[in-house]
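Enquirer: Per the working numbering, the very first residue in the sequence shown carries number 7; after that it's consecutive.
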Amino acid sequence: MHRRTVLELFAGLAVAGVPSLAQAPRRVVVAGGGIIGANIAYQLVTRGAEVTLVERAQPGAGATANSFAWINAKKRPRDYFNLSRMGLQAWRQLDREFSGTLPLVWGGSVEWRADDTRGTELRAQIRDFRQWGYGVREIDAAGLRALEPRLVPGPLVAAAHWEDEAHIDPVGVTGMVVKKAQMNGARVEYPAEVTALELAGGRLRAVRTTKGDIEADVLVVACGTDTPRVAAMAGVRVPLKDAPGVLVHVRPAPRLIDRVALAPMGNIKQKPDGRIVTGSDFASGGGDTSREAGERHLQRMASVLPELGKATVEKMTRGFRPMPADGFPIVGFAPGRPDVYVAVMHSGVTLGPLVGRLAATEILDGVRVDSLAAYRLERFKG
Ligand SMILES: Cc1cc2nc3c(=O)[nH]c(=O)nc-3n(C[C@H](O)[C@H](O)[C@H](O)COP(=O)(O)OP(=O)(O)OC[C@H]3O[C@@H](n4cnc5c(N)ncnc54)[C@H](O)[C@@H]3O)c2cc1C
């Protein structure tokens, strides 16, 4: 591990003691093998815990498989930006731990706006995020062409290069992290579902699964949109809201673009395996998932990346973001429960490696990390 990265990642990270189990927990069951559960299991086992990862289907099969998987810290308010920026640093560190073999593309994102109002909005964002120390600069049409020669932006009032960002193949990365956790000693069970908890004196004794009972000191619930159902087995309420999103996946093509492209009519990225993933906007979800709708979307996007006009839709996906009721992550022990740890969030791709690291610190060291203070389940009380 690079000393400089650790210092960067933990610079300003404060921790405080909390009432915890009498002894440091050794046996941890992580429910859910998406990008969050995979990273938590990997960090826990690497730090010496006895870890079992239980996944109902297969690693990366949930929201992770249907994600646009853009790693970015373009978030507000400031506290959430800070957390997400630490998320970017944690990705750099994970990338190094895997010696650059992860299916991950650095280089940032390019964004442009075609009308005055939205152009002014983008310039204000560039100014604000630069003030916060984020790597972003305004570019013109020539600058955009230099970065991504195949893009044809059309009318361009303002454009930006968000330099620190990246994108990944989310299923590929999750599979590799799970494999490394397994190599480091984690037991990985899939397909296997957590069906109930066995408690003794109000505390977790064992986790019931379709592959048998597993004795545990702590259960980590990282089940994405199923988190409320699994947390309820311990009497813990986790409020999520619906947040679907439709994406068009295109058959592998020769390399066309490296960076995430945020165009006025939609977003495009090309995965390391050549597949292009594109959607109309990050908020839309009620969309049509028919092949025809996908083809119509590709025709629209062909105005900025002409090769898409001849591309073939491989599949359409409607994914469900694990979105907490107020939109912000929920990470930490359930109130009054040193045996149940919850980790559910949108932007889980951005935050996965960071949450893995911070959760392992909280679970194994009996401390509370200050940077997670705003993201506790307690905030929903009442
Ligand atoms: C359309 C879309 C676009 C997105 N774009 C981005 C983006 O650009 N950037 C970004 O950072 N984030 C993005 N996200 C969000 C991101 O994908 C999610 O936050 C992240 O994948 C959540 O990972 P997770 O591990 O928490 O959940 P999941 O990937 O859903 O994993 C949960 C796992 O738990 C398993 N499970 C459920 N119940 C049980 C049980 N009882 N026992 C055992 N296992 C169980 C499931 O099978 C599943 O594999 C997007 C999401 C969507 C849908």
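For every residue, glycine included, the Cβ atom is placed at its ideal position computed from N, Cα and C. As the structure is a prediction and not an experimental result, all values here were calculated from the model.
Quick one: residues in its chain with C-beta nearer than 8 Å to the C-beta of Ala55, no 5 flanking neighbours on either side, listed in chain order?
Expert: Excluding positions up to five away in sequence, the list reads Pro31, Arg32, Arg33, Val34, Ala366, Ile369 and Leu370.
Enquirer: Do Gly43 and Val51 have their C-beta atoms closer together than 7 Å?
Expert: Contact flag unset, no.
Enquirer: Tell me the DSSP bridge mates of Ala164?
Expert: Answer by DSSP bridge pairing, in chain order: Arg119.
Enquirer: Beta strand (DSSP E) containing Glu221: first to last residue?
Expert: That run of the beta strand (DSSP E) goes Gly218 to Glu221.
Enquirer: Is any heavy atom of ligand 1 found at a distance shorter than 6 Å from the C-beta of Asp264?
Expert: Asp264 Cβ: outside cutoff for every heavy atom of ligand 1.
Enquirer: Between the alpha carbons of Thr11 and Ile46, how many angstroms are there, rounded?
Expert: Caution is warranted here: a pLDDT of 41 is assigned to Thr11, below 50, making its placement in the model unreliable, and no coordinate value can be reported.
Enquirer: As a quick exercise: from Val224, Leu157, Val226 and Tyr347, pick the residue whose alpha carbon is nearest that of Ser309.
Expert: Answer by Cα proximity: Leu157.
Enquirer: Could you say which of Val224, Gly113, Val213 and Met351 lies nearest to Ala396 if we only look at CA atoms?
Expert: It is not possible to answer for residue 396, since the shown part of the chain is limited to 7 through 388.
Enquirer: Ignore the nearest five residues each way along the sequence and tell me which others in Leu383's own chain have a CB closer than 7 Å to its CB.
Expert: Excluding sequence neighbours, Leu383 sits near Val244, Ile336, Gly338, Ala340, Pro341 and Val348.
Enquirer: Under 8 Å, with one C-beta from each stretch per pair, do the stretch 188-205 and the stretch 301-315 reach the 3-pair mark?
Expert: Result no; under three Cβ-Cβ pairs closer than 8 Å.
Enquirer: Hey, Asn78 and Thr323: beta-carbon distance below 7 Å or not?
Expert: No.
Enquirer: Going by DSSP in three states, His8 sits in which element: helix, strand or coil?
Expert: Residue placement at His8 is poorly supported in this model, since its pLDDT is 40, which falls under 50; the coordinates are not used for a value here.
Enquirer: Could you have a look at Tyr381 and say whether DSSP puts it in helix, strand or coil?
Expert: Note: Tyr381 maps to helix in three-state DSSP.
Enquirer: Would you tell me roughly how many angstroms separate the C-alpha atoms of Arg261 and Gly300, rounded to the nearest one?
Expert: Computed Cα separation, rounded: 21 Å.
Enquirer: Taking C-beta to C-beta, are Ala172 and Val111 nearer than 7 Å?
Expert: It is a contact, given that the beta carbons lie within the stated cut-off.
Enquirer: For a test of the three-state rule: what should DSSP assign to Gln137, helix, strand or coil?
Expert: Helix, per DSSP.
Enquirer: Are the Cβ atoms of Val60 and Ala198 separated by less than 7 Å?
Expert: Against a cut-off of 7 Å, the Cβ pair of Ala198 and Val60 comes out as a contact.
Enquirer: Say yes only if the C-beta of Gly338 is nearer than 6 Å to one or more non-hydrogen atoms of ligand 3, and no if none qualify.
Expert: This structure simply doesn't include ligand 3; it includes ligand 1 instead.
Enquirer: Are the beta-carbon atoms of Thr215 and Ile41 separated by less than 7 Å?
Expert: No; because the gap between Cβ atoms is not below 7 Å, this pair is not in contact.
Enquirer: Which residues does DSSP list as the beta-bridge partners of Gly338?
Expert: According to DSSP, Gly338 bridges with Val348.
Enquirer: Is there contact between the stretch 248-259 and the stretch 137-148, where contact requires at least three CB pairs shorter than 8 Å?
Expert: At 8 Å Cβ cutoff, the stretches do not touch.
Enquirer: Looking at the secondary structure, which residues open and close the alpha helix (DSSP H) in which Ala96 lies?
Expert: First-last of the alpha helix (DSSP H) with Ala96: Arg84 to Glu103.
Enquirer: On a Cα-Cα basis, can you pick out the residue from Pro176, Gly333, Asp122 and Val183 that is closest to Arg82?
Expert: Closest option to Arg82, Cα to Cα, is Gly333.
Enquirer: State yes or no: is the C-beta of Arg129 within less than 7 Å of the C-beta of Ala96?
Expert: For Arg129 and Ala96, no; Cβs fall outside 7 Å.
Enquirer: By a C-beta neighbour count over all protein chains shown, 10 Å radius and 16 as the cutoff for buried, is Ala38 buried or exposed?
Expert: What sits at residue 38 in the sequence shown is Gly, not Ala. Label assigned to Gly38: buried.
Enquirer: Buried or exposed: where does Glu195 fall if 16 or more other Cβ atoms within 10 Å of its Cβ makes it buried?
Expert: The residue in question, Glu195, is buried, as its Cβ has 16 or more Cβ neighbours within 10 Å.
Enquirer: Under 6 Å Cβ to Cβ from Trp118, same chain only, skipping five residues before and after it: list those, please.
Expert: These residues qualify, in order along the chain: Pro159, Leu162 and Ala165.
Enquirer: Tell me the DSSP secondary structure of Met271 in three-state form.
Expert: DSSP places Met271 in coil when its eight states are reduced to three.
Enquirer: Just checking Asp232 against ligand 1 - is the residue's beta carbon closer than 6 Å to any of the ligand's heavy atoms?
Expert: Yes - ligand 1 has a heavy atom lying nearer than 6 Å to the Cβ of Asp232.
Enquirer: Determine the DSSP secondary structure at Lys247, reduced to helix, strand or coil.
Expert: Reduced to three states, the DSSP call for Lys247 is strand.
Enquirer: Is Val200 near Asp345, with beta carbons less than 7 Å apart?
Expert: In this structure, Asp345 does not lie closer than 7 Å to Val200 by Cβ.
Enquirer: What I want to know is whether the C-beta of Asn190 ends up closer than 6 Å to one or more non-hydrogen atoms of ligand 1.
Expert: No, the Cβ of Asn190 stays beyond 6 Å of every heavy atom of ligand 1.
Enquirer: If you scan the stretch 25-64 from start to end, which runs of the alpha helix (DSSP H) of 4 or more residues do you find wholly inside it?
Expert: Counting only runs of 4 or more, we get 41-52.
Enquirer: Let me check you understand the geometry: is the CB of Thr58 closer than 6 Å to at least one non-hydrogen atom of ligand 1?
Expert: No - ligand 1 has no heavy atom lying nearer than 6 Å to the Cβ of Thr58.
Enquirer: Using alpha carbons as the reference points, say which of Ala379, Pro328 and Asp101 lies closest to Arg235.
Expert: Comparing Cα-Cα distances from Arg235 to each of Ala379, Pro328 and Asp101, the minimum goes to Pro328.
Enquirer: Could you check whether the Cβ of Gly272 sits closer than 6 Å to any heavy atom belonging to ligand 1?
Expert: No, since every heavy atom of ligand 1 falls outside the 6 Å radius drawn around the Cβ of Gly272.
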